[in-house]
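**Q** So my numbering is basically just the index in the sequence shown, starting at one, shifted up by 32. Glycine included, C-beta positions come from ideal geometry on N, C-alpha and C. Just so we're clear, the structure is a prediction, and the values are computed from it rather than from any experiment.
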Amino acid sequence: MTDPTPPTDPGINLGDLLRRLRRRADLSQRELAGRAGLPQAAVARIESGRASNPRYRTVERLVRAAGGGMRVELGPAPGTDTRAATSTDPGPVPHDDLRDQAGRRYPAHLDVWEVREPRDWPGAWWAEWYTLPPRLWPLPVPSATYRLNRDYRDERRDRERVRRSVTVRRVTGPTVPPTAWRFAAELPGGELIGELRAHDESPHLRWGDSLLCEERETVLDGVLVVAAYRRLGIGRRLVEALVAAITESRGVVCVRALTELAGIDFLRACGFETEWSRPAAMRFDQAVSGVRQRRW
């Protein structure tokens, strides 16, 4: 980052700026100090504000070690705003207002989140007390936590990026029959990470009723989401898009689906209900050893 204001300007919070640069460069205090050839305590003092007047050379070494740069310019006349934002601003540390039990900031280069229940705390992964009320928790949970493993952190950041940027659209065209529905979940670059397919059918065909009846049912053929991006609400958005589309379509009276195991909970979360009046699922197996097996 190139800061247009000298570090002695009282308008600059040098500690905050250094923490932002560290987060962008993905460096801990110890790693940044090692790159700059300084003790880790020097970085800690500057970031905490205890070093009231650090040497310019020290600040420059730290900024360059974090991948930034510095320059000094003559400012405009007094009373003019000199701190114009630039496109290289690394942005604020999102958890900078959180403190640990000792009142210290959490590492700027890691992601910190609040702990509301044991599931939010990686330190409780081994415990069998997720379903217990707070008064029965065997250990107190911290107010916030983070992971030192950067692979987990990067995966978490990637999933959050996908959650914010994914879009759902209906797919139409000559490859999609008029009685079929197809919805795609895509990233901005066009990468397909989820898909829903369904088709319409007449409930009266099962009983040999009139083929002229306009009532139709939509049968959900399947909802697929890339394994790495499941549990982000993408599947639910696909189902909601289908329900919204058929609500505007004339003649469709309901949506049916055949599922099992986790699919049952998923569709219930989307508003589906178990239809006990429908027959159970059946299958027919071809003979293997000359004797045909029948299953019902």
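Cβ atoms of residue 146 and residue 175: under 8 Å apart, would you say?
**A** For residue 175 and residue 146, yes; Cβs fall inside 8 Å.
**Q** Using a Cβ-Cβ cutoff of less than 8 Å, which residues in the same chain neighbour residue 231 once the five nearest sequence positions on both sides are dropped?
**A** Correct list, in chain order: 209, 211, 212, 213, 250, 251 and 253.
**Q** From the DSSP output, which residues share a beta bridge with residue 146?
**A** Bridge partners of residue 146: 176.
**Q** Return the chain-ordered ranges of every beta strand (DSSP E) run that is complete within the segment 177-226 and spans a minimum of 3 residues.
**A** Those beta strand (DSSP E) runs which fall completely within the segment 177-226 and span 3+ residues are 199-202 and 212-218.
**Q** What's the call for residue 206, buried or exposed, on a 16-neighbour Cβ count within 10 Å?
**A** By the 10 Å Cβ count, residue 206 comes out exposed.
**Q** In angstroms, rounded to a whole number, what distance separates the CA positions of residue 49 and residue 128?
**A** Distance between the alpha carbons of residue 49 and residue 128: 12 Å.
**Q** Closer than 8 Å by C-beta to residue 51: which residues in its own chain qualify, once you throw out the five before and the five after it? Chain order, please.
**A** Within the same chain, residue 51 has close Cβ partners 79, 125, 128, 137 and 140.
**Q** Is DSSP giving residue 230 helix, strand or coil here?
**A** The answer is strand: DSSP assigns residue 230 an E or B state.
**Q** Am I right that residue 83 and residue 57 are in contact with their C-beta atoms under 8 Å? What's the rounded C-beta distance?
**A** 20 Å between Cβ atoms; not a contact.
**Q** In whole angstroms, give me the CA-to-CA distance for residue 173 and residue 72.
**A** Answer to the nearest angstrom: the Cα atoms are 29 Å apart.
**Q** For residue 310, count the other beta carbons within 10 Å of its own beta carbon; 16 or more makes it buried, fewer makes it exposed. Which is it?
**A** Per the 10 Å Cβ criterion, exposed.
**Q** Here's the rule: buried if 16 or more other CB atoms are within 10 angstroms of the residue's CB, otherwise exposed. What is residue 225?
**A** Residue 225 is buried by the Cβ-count criterion.
**Q** Under a three-way DSSP split, which group does residue 254 fall into?
**A** Strand.
**Q** Considering residue 57, what are the terminal residues of the alpha helix (DSSP H) in which it resides?
**A** Here the alpha helix (DSSP H) through residue 57 covers 46-57.
**Q** Can you tell me which of 270, 189 and 170 puts its alpha carbon nearest to the alpha carbon of residue 299?
**A** Looking at the Cα atoms, 270 is the closest of the given residues.
**Q** If you draw a straight line from the alpha carbon of residue 59 to that of residue 167, how long is it in whole angstroms?
**A** About 38 Å.
**Q** Mark residue 264 as exposed unless 16 or more other C-beta atoms lie within 10 angstroms of its C-beta, in which case mark it buried.
**A** Label assigned to residue 264: buried.
**Q** Give the C-beta separation of residue 233 and residue 248 to the nearest angstrom, bearing in mind that I take them to be a contact with Cβ-Cβ under 8 Å.
**A** Indeed, because the Cβ distance is near 7 Å, the residues count as touching under 8 Å.
**Q** Does the distance from the CB of residue 185 to the CB of residue 130 come in under 8 Å?
**A** Cβ atoms of residue 185 and residue 130: not closer than 8 Å.
**Q** Under 8 Å by Cβ, that's how I've got residue 287 and residue 278 pegged, so tell me the actual separation to the nearest angstrom.
**A** Contact holds; Cβ gap of about 7 Å.
**Q** Drop a sphere of 10 angstroms on the beta-carbon of residue 199, count the other beta-carbons inside from all chains shown, and report buried for 16 or more, exposed for fewer.
**A** Result: exposed.
**Q** Which one of 181, 280, 260 and 153 has the shortest CA to CA distance from residue 192?
**A** The shortest C-alpha separation from residue 192 is found at 260.
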